[in-house]
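Numbering (UniProt numbering), first residue to last: 1 to 652.
Put into structure tokens, the structure is as follows:
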């Protein structure tokens with residue numbers, strides 16, 4: 001052991017050391033270069049780890065409990081669940097502000113002001129000073145600042161012009177209403193913005209009084225006042241203040257110009273007049289040395305998309321983009337969105353500009369730069385569905401969204417985006433490709449609306465893809481959408497009535513599932529009807545055609561007993577059922593009942609058919625009298641039915 005070093009081969013220690021030393025002397029020296037340090041951010045490691053993961057479309061959103069019994073499966077439940085959690089946060093904030101003395105213990109270091117009760121709150125009996133007013137202004141407490149100012153002003157306390165100017169800026173921006181300094185994310189996500197905003201400026205508010213109180217109305221005062229008027233869509237007064245400012249040879253701020261340009265679209269004027277007004281504002285900016293920014297050009301492009309004259313809008317949009325490039329301003333997603341709205345009108349000539357935009361954006365890291373950026377993906381999918389009607393472009397848009405899932409924005413945008421995506425695929429994609437997308441997104445990412453479920457059922461019907469029907473029906477029941485719209489059960493039953501098993505084990509299994517769908521639909525209808533008797537509840541409305549399809553489904557599955565129950569419902573609840581069933585399923589039931597020896601059931605159905613004008617059913621029974629050897633009572637009933645029907649036909 002002392003003489004030999006064992007490394008898989010028996011090599012003497014001395015010989016090995018000689019080999020190693022020889023190798024060392026013969027090898028060239030390696031230059032070691034220490035790489036330069038790469039500056040890392042605090043979240044770079046998390047970003048690197050995140051890049052190794054892919055989104056799990058089978059899991060619910062993180063805002064919901066990841067538990068099969070607690071995951072909401074309908075749009076209404078998702079909204080209720082999220083807003084209930086937000087309501088709890090609001091309740092906590094209310095108690096924090098209402099009873100600040102109960103929250104004195106604060107172990108946080110450093111102190112976080114947002115988690116603590118406010119240091120001051122307005123009490124009408126107190127005496128306030130200008131310093132108190134400045135405190136409320138600096139903390140964006142709009143209502144308290146307004147109350148303190150009124151208290152000071154009433155008592156004749158002098159307020160400096162500088163403080164009045166600061167208060168004017170606050171009141172103009174928030175229109176003398178309380179500012180939402182705390183972002184309630186769930187409320188924002190489920191909120192709906194108005195497509196055509198209306199004037200919200202309150203006439204005669206404190207901002208107007210403060211503006212009149214200013215002795216030296218300078219650029220800052222006019223700009224703040226104009227921006228507030230434009231922001232809250234008091235367009236006429238905003239432009240009146242702008243003209244007054246020009247007469248005094250004052251230069252508005254960039255924000256004031258942006259507000260004025262944005263408000264032009266709300267003027268009740270023609271396209272030419274509105275464009276001339278925007279051009280005048282832009283020339284005024286250039287003459288006064290005010291450099292436009294991204295918001296300026298996005299406001300101009302928004303006007304281009306709303307001009308009403310498609311050709312004019314396209315030309316002006318191209319000129320605006322050229323000016324942006326000339327000034328070196330990088331477009332945002334909102335820029336491209338307004339370009340799409342200018343070029344891709346629903347009833348206009350086809351434009352392929354969306355393809356170029358997607359190729360351009362695919363090479364960039366997309367970062368939102370303003371609130372309107374979150375509208376891009378929705379409008380891109382609307383263009384794919386209503387303008388291009390092209391599934392390939394829609395897939396590219398969706399791939400880009402999957403790389404940037406946070407850029408879709410609110411729940412309303414989310415639902416509309418997938419509505420247009422699914423509607424397009426249901427009409428253009430083959431059924432297997434469509435169901436791949438369906439399985440990926442439903443129900444955790446998207447819960448389809450009634451119209452999308454109907455489109456899905458029509459696609460299944462068109463392709464005879466009955467194998468997908470049980471899964472789709474399961475999703476319909478889980479989302480409870482069939483209880484709000486009777487068109488869904490009707491569409492499903494029209495499919496179940498068409499299915500015929502070929503005799504293979506797979507088809508027989510599928511047939512049993514389809515029969516179960518029909519039975520489940522009938523049970524839901526009965527349960528809804530019973531619930532409406534006991535409580536104030538609108539029952540599911542069924543029509544006779546749907547029940548006829550239900551009967552046909554049971555007949556196809558050789559379930560005469562189930563078909564008989566449905567026939568009884570059809571006849572005994574005529575006052576609750578809309579319309580009349582077709583003759584075919586009723587005739588099939590009578591034929592199957594006669595074959596099974598259930599002559600009384602067949603006669604009961606034949607009487608109903610004679611009443612609603614389906615005389616072919618009792619005629620068939622009379623023709624088959626010898627074959628089935630009906631007794632005398634049944635024959636007399638059939639003679640009476642056919643004679644009565646013949647008399648009715650003769651009177652017509």
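Think of the CB as a built atom: it goes at the ideal place given N, C-alpha and C, for glycine as much as any other residue. Being a predicted model, the structure only gives us computed values, none of them experimental.
The alpha helix (DSSP H) that contains residue 473, what's its start and end? 469-479
Helix or strand or just coil, what does DSSP make of residue 543? For residue 543, the secondary structure class from DSSP, reduced to helix, strand or coil, is strand.
Please state whether DSSP places residue 578 in a helix, a strand or coil. strand
Could you name the residues of the same chain whose beta carbon sits closer than 7 Å to that of residue 634, not counting the 5 residues immediately before and after it, in chain order? 599 and 603
Spatial neighbours of residue 562 within its chain, please: C-beta separation below 6 Å, excluding the five flanking residues on both sides. 554
Report yes or no: do three or more beta-carbon pairs, one from the stretch 216-231 and one from the stretch 239-256, lie closer than 8 Å? yes
Taking just the CA atoms, how far does residue 239 sit from residue 308? 23 Å
Is the beta carbon of residue 74 less than 8 Å from the beta carbon of residue 541? no
What is the DSSP secondary structure of residue 641, reduced to helix, strand or coil? helix
Can you look up residue 65 in the DSSP assignment and give me helix, strand or coil? coil
Going by the CB atoms, is the gap between residue 178 and residue 142 shorter than 8 Å? Here residue 142 is near residue 178, since their CB atoms are less than 8 Å apart.
Using 10 angstroms around the beta-carbon of residue 30, count the other beta-carbons present and answer buried if the total reaches 16, otherwise exposed. By the neighbour-count rule (16 or more Cβ atoms within 10 Å), residue 30 is not buried but exposed.
For residue 232, the three-state DSSP class (helix, strand or coil): The answer is coil: DSSP assigns residue 232 none of H, G, I, E or B.
So, residue 257 versus residue 296, is the Cβ gap smaller than 8 Å? yes
Would you check if the distance between the CB atom of residue 616 and the CB atom of residue 587 is smaller than 8 Å? yes
State the DSSP-derived secondary structure class of residue 291, mapped to helix, strand or coil. coil
How about residue 190 and residue 82: do their beta carbons lie closer than 8 Å? yes
When the Cα of residue 411 is compared with those of 58, 185 and 153, which residue comes out closest? 185
Segments assigned alpha helix (DSSP H), at least 4 residues, entirely inside the stretch 409-485: DSSP assignment within the stretch 409-485 yields the following whole alpha helix (DSSP H) runs of 4 residues or more, N-terminal first: 411-428, 431-441, 450-462 and 469-479.
DSSP three-state label for residue 9, please. Reliability fails at residue 9, whose pLDDT of 41 lies under 50, so the model's placement of it is uncertain and the value that follows must be treated cautiously. In the displayed model, residue 9 falls within coil according to three-state DSSP, outside both helix and strand.
Between the Cα of residue 124 and those of 507, 107, 146 and 337, spot the shortest distance and give me the residue it belongs to. 146
Those runs of the alpha helix (DSSP H) which lie wholly inside the stretch 161-249 and span at least 4 residues: 161-174, 185-190, 206-213, 219-231 and 235-247
Whole angstroms is fine: what's the gap from residue 298's alpha carbon to residue 329's? Roughly 11 Å between the two C-alpha positions.
Helix, strand or coil, according to DSSP, for residue 129 in the structure here? In this structure, residue 129 counts as coil in the three-state DSSP scheme.
When the distance is taken between beta carbons, is residue 543 closer than 8 Å to residue 490? yes
Would you say residue 83 touches the ligand MG, meaning its beta carbon is less than 7 Å from a heavy atom? Inclusion of the ligand MG in the displayed structure is not the case, the ligand content being empty and no account of it being possible.
Near residue 261, which residues of its chain fall below 7 Å by C-beta distance, leaving aside the five closest residues on each side in sequence? 278, 281, 296, 299 and 300
For residue 334, count neighbouring Cβ atoms within 10 angstroms of its own Cβ and tell me buried if that reaches 16, exposed if not. Residue 334 comes out buried.
Report the option in 623, 583, 134 and 572 whose CA atom is closest to the CA atom of residue 594. 623
Top-ranked residue by Cα proximity to residue 200, from 349, 228, 469 and 139: 228
Let me know the secondary structure DSSP gives residue 349 once reduced to three states. coil
Can you tell me which of the three DSSP states residue 366 falls into? If DSSP states are grouped into helix, strand and coil, residue 366 belongs with coil.
Please state whether DSSP places residue 492 in a helix, a strand or coil. helix
Using the C-alpha atoms, what's the distance from residue 524 back to residue 531? 10 Å
Residue 477 versus residue 205: straight-line alpha-carbon distance, rounded: Rounded to the nearest angstrom, the two C-alpha atoms are 52 Å apart.
On the criterion of 16 or more Cβ atoms from any shown chain inside 10 Å, does residue 449 qualify as buried, or is it exposed? buried
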